Amino acid sequence: MSTAASCPKDYTEFRGICYKKSKTHKDFSEAEATCREDGGTLAMAKDAATNAFLVSTLDKVGASGGVVVGRHTTNCCWIGLHDRRHEGSFEWVDGTPLGNFSLWGVAQPGANT
Numbered sequence: 001m002s003t004a005a006s007c008p009k010d011y012t013e014f015r016g017i018c019y020k021k022s023k024t025h026k027d028f029s030e031a032e033a034t035c036r037e038d039g040g041t042l043a044m045a046k047d048a049a050t051n052a053f054l055v056s057t058l059d060k061v062g063a064s065g066g067v068v069v070g071r072h073t074t075n076c077c078w079i080g081l082h083d084r085r086h087e088g089s090f091e092w093v094d095g096t097p098l099g100n101f102s103l104w105g106v107a108q109p110g111a112n113t
């Protein structure tokens, strides 16, 4: 992966947004706070192309690594989607609704995942 000149060191650019991988295990709130401290947010896979980029990044890291600031299990990583305001009503960390993108795994998005 190459890093665009406009992204800080250890970041990868995709469609004008800088992404950073992490191998640090964190819960959702910790991962979100880490991103905020670094001037960003958890990644938001709002479309198939961004989702494919994030999945390919995860695949390159491998099962023992992390992506997009923190993993909570060996098979998943945190993205910027939550239902903290209203249980079962998902929105992105930037406040936009989930929208029509629906390339989720079985029973996803879901609580504590």
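Sequential numbering from 1 applies to the sequence shown in full-length UniProt numbering. All C-beta atoms in this analysis are idealised placements derived from N, C-alpha and C, irrespective of residue type, glycine included. On a predicted model such as this, the values are computed, not experimentally measured, just so you know.
Burial of residue 22 is indicated by the presence of at least 16 other C-beta atoms within 10 angstroms of its C-beta.
Counting the other Cβ atoms within 10 Å of the Cβ of residue 16 gives fewer than 16, which makes it exposed. Counted as a single uninterrupted DSSP element, the alpha helix (DSSP H) harbouring residue 34 occupies residues 28–37. With a 10 Å radius around the Cβ and a threshold of 16 neighbouring Cβ atoms, residue 88 comes out exposed.
Bounds of the beta strand (DSSP E) holding residue 12 are 11–14. With respect to the C-alpha of residue 92, the residue from 18, 48, 43 having the closest C-alpha is 43. For residue 42, the three-state secondary structure derived from DSSP is coil. The closest CA to that of residue 36, considering only 83, 100, 94, 47, is found on 94. C-alpha of residue 13 to C-alpha of residue 50: approximately 11 Å in a straight line. Secondary structure note for residue 23: it is in no beta strand (DSSP E), with a DSSP letter that is neither H nor E. Shown here for residue 85: same chain residues with a beta carbon closer than 8 Å to its own, the five before and five after excluded, namely 91 in chain order. The beta carbon of residue 11 sits closer than 7 Å to the beta carbons of 3, 18, 19, 20 from its chain, once the five residues preceding and following it are set aside; these are given in chain order.
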